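Visitor: The opening residue of the sequence shown carries number 712 in this note's numbering; numbering runs sequentially from there. Glycine included, C-beta positions come from ideal geometry on N, C-alpha and C. Since the model is a prediction, treat every value here as computed from it, not as a measurement.
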Amino acid sequence: MSVKSFHSSKIQRTRVKKLNISTEFEEEISRFAASVSARLASGETVTLLEVEKGFRDAALRGGNILFTKFLSEMKGTAPICQNCAEETPMKDLGARSKNIVSLLGEGTTTRTYYGCECGNHRLPKDELLDIR
Ligand SMILES: [Zn+2]
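1) What is the C-beta distance between Gly818 and Thr779, in whole angstroms, given that I count them as a contact (C-beta under 8 Å)?
2) Over what stretch of residues does the beta strand (DSSP E) that includes Val812 continue unbroken?
3) Quick one: complete alpha helix (DSSP H) runs, 4+ long, within the segment 737 to 812?
4) Check each residue's C-beta against every heavy atom of ligand 1 and list, in chain order, those closer than 6 Å.
5) CA-CA distance, Cys792 and Gly816?
6) What residues in its chain sit with their C-beta under 6 Å from that of Ser720, if we drop five residues either side in the sequence?
7) For ligand 2, any of its heavy atoms closer than 8 Å to the Cβ of Ala769?
8) Exposed or buried, what is Asn775 when buried is set at 16 or more other beta-carbons lying within 10 Å of its beta-carbon?
9) Please confirm whether Leu751 has its beta-carbon closer than 9 Å to some beta-carbon of chain D.
10) Going by Cα to Cα distance, which pick from Glu735, Pro790 and Ala744 is closest to Arg772?
11) So is Ile811 buried or exposed if we call it buried at 16+ other beta carbons inside 10 Å?
12) Assuming Met785 and Lys836 are in contact, meaning their beta carbons sit under 8 Å apart, how far apart are those beta carbons, in whole angstroms?
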């Protein structure tokens with residue numbers, strides 16, 4: 712899974728649907744907390760550092776889920792074909808997924824794939840985020 716670094720990409724002119732933050736985040740944290748509780752209940756010893764790292768990792772996993780969802784929720788308008796003089800928007804050919812690596816880890820995001828009768832195609836979100 713690889714993609715060129717896009718951390719410095721400047722994002723503008725897009726809308727993002729409101730995220731339901733609590734669900735994904737709570738699930739990651741709850742899953743880890745339950746696993747520690749189960750280990751302690753069975754008589755196992757854990758270090759505080761181990762618990763701290765576990766909570767941090769769970770928070771990063773939850774953040775990564777929300778981050779990739781945030782990117783997927785970015786909406787754009789159908790682009791115009793650069794090859795044709797017509798002002799007709801290109802046709803929506805459906806969603807395409809892309810693997811990304813961010814500060815939060817590896818993940819997958821989706822973006823809309825557009826095509827024109829001349830054979831040209833564009834992925835506006837890749838252009839927006841400057842990812843290829
Ligand atoms: Zn065209």
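Guide: In this structure, then:
1) At roughly 4 Å, the Cβ-Cβ gap stays under 8 Å, so Gly818 and Thr779 are in contact.
2) Per DSSP, the unbroken beta strand (DSSP E) holding Val812 starts and ends at Lys802 to Ser813.
3) The DSSP assignment places complete alpha helix (DSSP H) segments of no fewer than 4 residues inside the segment 737 to 812 at 759 to 784, in order along the chain.
4) Any residue whose Cβ sits closer than 6 Å to a heavy atom of ligand 1 makes the list: Cys792, Asn794, Cys795, Cys827, Cys829 and Asn831.
5) Approximately 34 Å, taken between the alpha carbons.
6) Answer for Ser720: Leu840 and Asp841, listed in chain order.
7) This structure simply doesn't include ligand 2; it includes ligand 1 instead.
8) By the neighbour-count rule (16 or more Cβ atoms within 10 Å), Asn775 is buried.
9) Looking for chain D here will not work: only one protein chain is present.
10) From the listed residues Glu735, Pro790 and Ala744, the smallest Cα separation to Arg772 is found for Glu735.
11) With 16 or more other Cβ atoms within 10 Å, it is buried.
12) About 6 Å; that satisfies the 8 Å criterion.
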